[in-house]
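Participant: Residue numbers (the numbering used here), protein chains in the order written: chain X, 1 to 19; chain P, 1001 to 1144.
A virtual CB, placed ideally from N, CA and C, is assigned to each residue, including glycine.
Every value quoted in this text rests on a predicted model; they were computed, and no experiment measured them.
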Amino acid sequence: VPVFPWHSLVPFLAPTQSD
Amino acid sequence: PGPAAGNPSHFMKGAIIQLATGELKRVEDLQTQDFVRSAELSGGLKIDSSMVVDIRASQQRPGLVTLHFTVGEQQSKVTIDVPPEHPFFVFGQGWSSYSPERTAQLYGLACHQMQVGDVCVSITLQRPPSPQKATAQPHHPQQR
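1) Are the CB atoms of V1082 (chain P) and Q17 (chain X) nearer to each other than 8 Å?
2) Nearest to V1116 (chain P) by CA position, among P:R1127, P:L1045, P:S1076, P:F1069, is which residue?
3) Taking Cβ-Cβ distances shorter than 9 Å, what residues in chain B pair up with F1069 (chain P)?
4) If the cut is a Cβ gap below 9 Å, which residues of chain X does Q1018 (chain P) touch?
5) Within the 8 Å Cβ cut-off, does S984 (chain P) reach chain X?
6) Beta-carbon within less than 7 Å of F1091 (chain P)'s beta-carbon, same chain only, minus the 5 sequence neighbours each way: which residues are those?
7) Over what stretch of residues does the beta strand (DSSP E) that includes T1124 (chain P) continue unbroken?
8) Tell me where the alpha helix (DSSP H) around A1233 (chain P) begins and ends.
9) Kindly indicate which three-state DSSP category R1056 (chain P) falls into: helix, strand or coil?
10) If I measure Cβ to Cβ from E1023 (chain P) and keep anything under 7 Å in the same chain, skipping five residues before and after, which residues do I get?
11) In or out: T1103 (chain P) buried (at least 16 other Cβ within 10 Å) or exposed?
12) Starting from the beta carbon of T1066 (chain P), find every residue of chain X whose beta carbon is closer than 9 Å, and list them in chain order.
13) Work out the CA separation of P2 (chain X) and V1052 (chain P) for me, nearest whole Å.
14) Establish whether the CB of D1048 (chain P) and some CB of chain X are separated by less than 8 Å.
15) Cβ closer than 7 Å: which chain X residues qualify as neighbours of P1008 (chain P)?
16) Quick check: what's the CA-CA separation for K1046 (chain P) versus R1026 (chain P)?
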């Protein structure tokens, strides 16, 4: 079973403000 | 491209996520606090909140869903197109998607129905503090 570091989820979470 | 193209396997039920604490959790067991603590521990990352303000079928890209968010304290408006099965993590609730049925089919991940007003976890890069405000820094021998 692959293990993903939690921060690899970050791009798939809700958008952040683009500035 | 096929409908399954680009489905991130992170969301497959049973996928193991390693938190910043080193703890291992299945993706379906993640809780709000896991994101909050991991962001705190990671340094340079800040938990933000993105509120869903509108949900509708995409006009330009059939099959996708257009989600409108207001993000952070500045309430910046951000619009994204996502597949209907894409899960988001709602504060205090957990995984939610536009189509929990499709999410269950494709990922096996149980989701709530995403609704206007849901506040989703998002993570931004924290701005570094201004140099004037910087307090005593630990010694960095290999600063780049």
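Facilitator: According to the structure data:
1) no
2) P:F1069
3) Here chain B cannot be found, since the structure's protein chains are X and P.
4) V3, F4, P5, W6
5) The structure shown does not extend to residue 984 (chain P), since chain P is modelled only from 1001 through 1144, so no value can be given for it.
6) Non-local C-beta neighbours of F1091 (chain P) in its own chain, meaning closer than 7 Å and more than five positions away in sequence, comprise T1032, S1049, V1119, V1121, ordered along the chain.
7) For T1124 (chain P), the enclosing beta strand (DSSP E) starts and ends at 1119-1125.
8) The structure shown does not extend to residue 1233 (chain P), since chain P spans only 1001 to 1144, so no value can be given for it.
9) strand
10) So the list is empty, once near-sequence residues are dropped.
11) buried
12) In chain order: nothing, as chain X lies at least about 12 Å away.
13) 31 Å
14) yes
15) F12
16) 23 Å
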